[in-house]
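This report refers to the structure that appears directly beneath it.
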Amino acid sequence: MKPNDMLLHPLDMAVAPEPELLCIFGTGDLGRSLGLRLLQSGYRVVYGSRRPSNCGPLPLGAQVMTHAAAAQSASLIFICVHRDHYEFLEPMAHHLQGKVLVDLSNNLKKNMYPEANAAYLQRLVPKSFVVKGLNTLSAWALQNGLLAGKQVYLCGDNTEAKQAVAQMATKLGLTVLDKGSLSAARELEDFPLKLFPEWRLPLSIAVGLTAFFFFYLLVRDVIYAYVENSSDISYRNIISLANKVFPIVALVMLSLCYLPGAIAAFLQLYRGTKYRRFPNWLDRWMLCRKQLGLIALGCAFLHAIYTFIIPIRYNVRRKLISDALNEMKDNKTTPLYFDNTEAWGTDSFLALGILGFFLFVLLGLTSLPSVGGTLSWREFSFIQSKLGHLTLFICTAHGYIYGWNKFLRPTTYKWYTPPGYMLCLIVPSVVLVLKLLLLLPCVDRTLTRIRQGWERTQPREKMDEIKATNL
Amino acid sequence: MKPNDMLLHPLDMAVAPEPELLCIFGTGDLGRSLGLRLLQSGYRVVYGSRRPSNCGPLPLGAQVMTHAAAAQSASLIFICVHRDHYEFLEPMAHHLQGKVLVDLSNNLKKNMYPEANAAYLQRLVPKSFVVKGLNTLSAWALQNGLLAGKQVYLCGDNTEAKQAVAQMATKLGLTVLDKGSLSAARELEDFPLKLFPEWRLPLSIAVGLTAFFFFYLLVRDVIYAYVENSSDISYRNIISLANKVFPIVALVMLSLCYLPGAIAAFLQLYRGTKYRRFPNWLDRWMLCRKQLGLIALGCAFLHAIYTFIIPIRYNVRRKLISDALNEMKDNKTTPLYFDNTEAWGTDSFLALGILGFFLFVLLGLTSLPSVGGTLSWREFSFIQSKLGHLTLFICTAHGYIYGWNKFLRPTTYKWYTPPGYMLCLIVPSVVLVLKLLLLLPCVDRTLTRIRQGWERTQPREKMDEIKATNL
Amino acid sequence: MKPNDMLLHPLDMAVAPEPELLCIFGTGDLGRSLGLRLLQSGYRVVYGSRRPSNCGPLPLGAQVMTHAAAAQSASLIFICVHRDHYEFLEPMAHHLQGKVLVDLSNNLKKNMYPEANAAYLQRLVPKSFVVKGLNTLSAWALQNGLLAGKQVYLCGDNTEAKQAVAQMATKLGLTVLDKGSLSAARELEDFPLKLFPEWRLPLSIAVGLTAFFFFYLLVRDVIYAYVENSSDISYRNIISLANKVFPIVALVMLSLCYLPGAIAAFLQLYRGTKYRRFPNWLDRWMLCRKQLGLIALGCAFLHAIYTFIIPIRYNVRRKLISDALNEMKDNKTTPLYFDNTEAWGTDSFLALGILGFFLFVLLGLTSLPSVGGTLSWREFSFIQSKLGHLTLFICTAHGYIYGWNKFLRPTTYKWYTPPGYMLCLIVPSVVLVLKLLLLLPCVDRTLTRIRQGWERTQPREKMDEIKATNL
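Chains as they are written, first to last, in our numbering: chain A, 1 to 471; chain B, 472 to 942; chain C, 943 to 1413.
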């Protein structure tokens, strides 16, 4: 042995050893797909079957034996059998002693059984090492090799057993996350059943806001016109109304993204410490800011498209022709009267909208996992905080300019109700004022000190010192 | 040793050992870039060169020796030499005995040589452990450290040799996928030569459909107008025609995405089992659904932009002015005649188009690897199946409303041919009807049972039982 | 032991061992969040604190001891303490001997201290193994488990110590990149402070170009109109001018993306070898091509939206009405005069713009890390080179058609200055001509040979031969 190859284990085995043998119990769809994939990754595979001679087509190169024989030949066994049939494993517990059993089973709905499938399995064969995991893989994905980069979760009580499974999964191209002991098995089994849990609250808020503003504007615009002027403008429901509701919801939800941060800062200022937990509702709110922002972006996107197609609409084209005819009758001489203030107003309004939408799309792009993952913490917070508040400011300004010459007009307040854009400006304005207060030098200084560990009430000098020491 | 640090190996070596030494044969671009990267990742590097004293600039800190001396000092050797020159390794086979040789070579085209480069290398030095891999890395990417998260493939007959290479690659920030034994080497060598193989079929379909509908509409619109009315509207080729062709292709390709799923379901219903393979063409079709969908999204995106710029076009502006002049002559009195049905029709048409496009963009976003990878199976299937069929339904409705009052007009059927939008509604309508049939409770129940392993024809009771047991 | 499970270590420990114990010094925010995460990943955690009996709330399940006792019980210790307080570790150096110390500290600004925090730590406790790393994680991300797939960097002088930390980090779901010896610690400590360093140069270029063209066009359009015709068209600043500046900047920056490649190719042709380094400015330029392209895409996106909202603008609507009135007075008879050439011109102009934008968006999508990472080298270079130059060609043609009938009109040259679109066509035209020259068969052949290692000046035959041999 030369001195230099000390660290790389010498590979002096003259004969290349046989590849590792893995066992699969169950010859169903999942079992066969998993076997195929394992064979393609260079493993040898043996199936355990109740009737080895008669179990349908299996991947080329795989052996098939009785359960007991298959179990003896390998030390890692995949259990691709429905939970309802696990009891057949109990009689062969001695064959499974010291083996790693991977439980891949899922249930059709939550809480079908009193205990997790993997816990039940471990109870049946207490001397085996049960690892729950890989249950998020579908037979389809396995068959077609669509595994690269997929995240899978593992849990189990035995570290070495988990490592053996993790190593195998890594070889298949999977990314493995360890979720701790077997008590996490129920969480893993519920995982494939979950349907956007973190989107529920933000979506409910969005639907609620949309419904409220839709009916509010329906009454104010369409029903008001019908009652007061007997004119039927019900066609406006489809696009004009939607194009008022979506920007309103987008702006409100964007400001709801930044409101909890401001509330948290004021709470810390009021308490004079950062060492007390936020109330639960605030924590929950802060955790769904990303979803709130993305739904707001969706609404802003719809608003943009609705705006782009305005000039194609039948009523807009008729309106333009009607304007031309009116001009013709009133004012036979060109050049036409041109209102410079109006031109400045509409152009500023549109330019702010475009800029706000552009920044909003940028914010959305950085929330893509593959983009956000490459940012440093300072870059991420620069984009999400500085750029985010700028976006909110620009979009709020867009809203104010929309109503610039309508605030004082009495006709704006149909049936004594304020128009929708006024209502929707309340929350963003509050958020911006709060943020402005937080940026005042004196407030900002105190907040920075609090966030670095300083506390206003220091009953014990030492206590404070300890905290200032720690990261 | 305290009882608690049992699992973490005690680090009681008083002197930190030297970092591992790796050897690189060949001082070309790739060899030098690889050496630079290895040095930066904390390895020591020695180059093997025919003329160690005269081989051009090498990365700072690397040694250079003769091939034989370099080979002896390390146990992992990168072969950065053209395949044509591999024979120089044969005489020094005894120096390479038991070493891991990494073959990084690529060929300029497929099937240049009768056997894979790595297989040829293994034949020359049978007592070394050849690992094929890393051949997808470019010298440029290595030099500039653009490796993080890149996937690389490995194959080789010796598991430990592969593990040693995989460990090294992981330290460089690469993600390693094991492709099995050395017989996969040719596949790996062909990999850098492949050019969107999975996009070929969908792109051909898209090009074919585009060409067909373009000529069909060219004849019906432009040539018809020229022949029958002698009017030259050839300028329409550029935008008006394109804005008819793109939505047609988008809709047809979107429905082609969902057709194979429906066919597969009916095939399973007809056969009464899921245990028979689908015909090859269906398998191939199902595997390119993602590409079909993304091309359809591209066409829909083009359709959207073409629509947005409609009012800027010269002919549209002239048309509007001409409409105003006509109104002026026919109808001197305002208010203008306003067709409420027309307003409802065009607004619904536009609103459905916008909604369909929005959902389509959502579908496209979830097909981004970094977004789709974070979804659970149920979430993914919810989006791709439920949301996908909803998108198809809305887009088809968009098409039907486009033609709502034109279906019965005789002038629609120029030269007795149906207009393009009628042709393009056929496939989506068929898909939607099939899907509707599959959603009927009786059909859905049977299909669900079949997919859970039930078979209609059960020659042997036992056979069925086995299958129902397995996942 | 059966012969087949040779490779998987037999798991014959009857009792599952206790999970590994890790130690954390410091009970601040970061320390507590890290402990919580480690406990959730199945580790046991012990805190080292100056006052174990009085250190605030800690995660459930964690122990707390004095620093010395905690240090003795584990072999991996996280130092979650401010650098200013590191000296307390010096007296207990003997307790820390042979232990792995993970330095997670960051500084508030660059170069606050003469040496890196980790180097200072290593100097205090020379017999411990200091590993710098994980310092990019925030307490917030740790608490909320937002770690999956995040990249973290490690450096340290001891390989086994780094491996132990890397293994732990991998279990938390992090992706670990080894940055070599402890001398890289300063780089790691500066990492969380960096703010888009690679975007600085491209952004400066973009801002410079935007400012120049904005003032140039302001003078030519608005001030010229005010001086010569005394007409106030200042409202144009907001949208019309912006919609001229953004496409100009987009086109110039897109061509700046492809210029360095062409310069590099001509430099290689001129030198007759690829074995000499490019000048520094060219290297730097080539490394920021991606950022140049993405900023160009941003400008093109703004240009597209500005174009879509043109017909909604007040002045555009007034212009249309005014046109209709003029037509009315001049030309009482319909059909209106229709200029077929004008229709062809504007439609081609728009169609090229749309196509260019579409291809540009495709280029942008492939630069997303998760999309680009799945492409083979040939696919990536196909898209970025072939598709990129096609995009540049189409966008340049879009610019030429914009000015097609204005080049020879004297009124175009207000105050003897060329319009903005002429200026902006210079760089793209140069790039396209250079690219065309490089595509000439004789030039292309020479360049290909140079890139395969051939050299024009071959003082020694052998030298060349060596190079042609290597990859």
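Don't be surprised by glycine CBs; every beta carbon is placed ideally from N, CA and C.
Check: In chain order, what are the residue ranges of uninterrupted alpha helix (DSSP H) at least 4 long that sit wholly in the stretch 758-845 of chain B?; Outcome: 760-779, 785-801, 811-837, 840-843
Check: Between which two residues does the alpha helix (DSSP H) harbouring residue 444 (chain A) extend?; Outcome: 441-451
Check: What residue does the alpha helix (DSSP H) around residue 188 (chain A) start on, and which one ends it?; Outcome: 185-190
Check: Going along chain A, which residues have a C-beta under 7 Å from residue 1165 (chain C)?; Outcome: None at all; the shortest Cβ gap to chain A is about 16 Å.
Check: In the DSSP assignment, what are the bridge partners of residue 572 (chain B)?; Outcome: B:548, B:601
Check: Tell me the DSSP bridge mates of residue 697 (chain B)?; Outcome: In the DSSP output, where bridge partners are listed per residue, residue 697 (chain B) has none listed.
Check: Spatial neighbours of residue 1335 (chain C) within its chain, please: C-beta separation below 7 Å, excluding the five flanking residues on both sides.; Outcome: 1374
Check: Using only alpha-carbon positions, find the residue among C:1351, C:1083, C:965, C:1176 that is nearest to residue 1023 (chain C).; Outcome: C:965
Check: Which residues does DSSP list as the beta-bridge partners of residue 154 (chain A)?; Outcome: A:133, A:178
Check: In chain order, what residues of the stretch 1314-1332 of chain C put their CB closer than 8 Å to some CB of chain B?; Outcome: 1315, 1316, 1318, 1319, 1320, 1321, 1324
Check: Mind pulling the chain C residues with CB within less than 7 Å of residue 786 (chain B)?; Outcome: 1285
Check: Give me the chain A residues within the contact set of residue 876 (chain B), using Cβ-Cβ distance strictly less than 9 Å, ordered along the chain.; Outcome: The contacting residues do not exist; residue 876 (chain B) stays about 13 Å from chain A at best.
Check: With a threshold of 16 other CB atoms inside 10 Å of the CB of residue 584 (chain B), please say whether the residue is buried or exposed.; Outcome: exposed
Check: At a CB distance below 8 Å, what residues from the stretch 1103-1118 of chain C approach chain A? Give them in sequence order.; Outcome: 1113, 1115
Check: In chain C, what lies closer than 8 Å to residue 772 (chain B) by C-beta?; Outcome: 1300, 1303
Check: Distance, Cα to Cα, residue 210 (chain A) vs residue 1116 (chain C)?; Outcome: 39 Å
Check: With 8 Å set as the bound, which would you pick, yes or no: does the beta-carbon of residue 630 (chain B) sit closer than that to a beta-carbon of chain A?; Outcome: yes
Check: For residue 529 (chain B), which residues from the same chain have a beta carbon less than 8 Å from its beta carbon, with the 5 sequence-adjacent residues on both sides left out?; Outcome: 498, 503, 506, 518, 535
Check: Quick check: residue 438 (chain A) and residue 447 (chain A), are their CB atoms within less than 8 Å of each other?; Outcome: yes
Check: For residue 7 (chain A), count neighbouring C-beta atoms within 10 Å of its own C-beta (all shown protein chains included) and say buried if the count is 16 or more, exposed if not.; Outcome: Confidence at residue 7 (chain A) is low in this model, with a pLDDT of 34, below 50, so the placement of that residue is unreliable and no value is reported for it.
Check: Closer than 6 Å by C-beta to residue 955 (chain C): which residues in its own chain qualify, once you throw out the five before and the five after it? Chain order, please.; Outcome: Confidence in residue 955 (chain C) is poor, its pLDDT being 36 and thus under 50, which makes the residue's placement unreliable; the coordinate value appears in the next sentence. Cβ within range, chain order: n/a, list empty.
Check: Please go through the stretch 494-520 of chain B and give each complete beta strand (DSSP E) segment of 3 or more residues, from N-terminal end onward.; Outcome: 515-520
Check: Can you tell me whether residue 1045 (chain C) is buried or exposed? The criterion is at least 16 other CB atoms within 10 Å of its CB, across all chains shown.; Outcome: buried
Check: Tell me, please, whether the stretch 413-431 of chain A touches the stretch 210-223 of chain A by the rule of three or more beta-carbon pairs shorter than 8 Å.; Outcome: yes
Check: Use the C-beta contact count for residue 1119 (chain C): other C-beta atoms within 10 angstroms, 16 or more gives buried, fewer gives exposed.; Outcome: buried
Check: Against chain A, with Cβ distances strictly below 8 Å, would residue 943 (chain B) count as a contact?; Outcome: Beyond the ends of chain B as shown, which are 472 and 942, falls residue 943 (chain B); an answer cannot be given.
Check: So does the stretch 656-675 of chain B actually touch the stretch 1253-1272 of chain C, counting three or more Cβ pairs closer than 8 Å?; Outcome: no
Check: DSSP three-state label for residue 579 (chain B), please.; Outcome: coil
Check: Can you check DSSP and say which residues form a bridge with residue 537 (chain B)?; Outcome: B:520
Check: With DSSP run on the structure shown, which of helix, strand or coil describes residue 1350 (chain C)?; Outcome: coil
Check: Check distances from the C-beta atoms of the stretch 240-268 of chain A to those of chain C and list, in chain order, the residues that come in under 9 Å.; Outcome: none
Check: Once you ignore the five residues that flank residue 430 (chain A) on each side, which residues in its own chain have a CB closer than 7 Å to its CB?; Outcome: none
Check: For chain A, is any of its Cβ atoms less than 8 Å away from the one on residue 1364 (chain C)?; Outcome: no
Check: Using a Cβ cut-off of 8 Å (strictly closer), state whether residue 676 (chain B) contacts chain C.; Outcome: no
Check: Would you list the residues sitting across from residue 21 (chain A) in a DSSP beta bridge?; Outcome: A:44
Check: Exposed or buried, what is residue 756 (chain B) when buried is set at 16 or more other beta-carbons lying within 10 Å of its beta-carbon?; Outcome: buried
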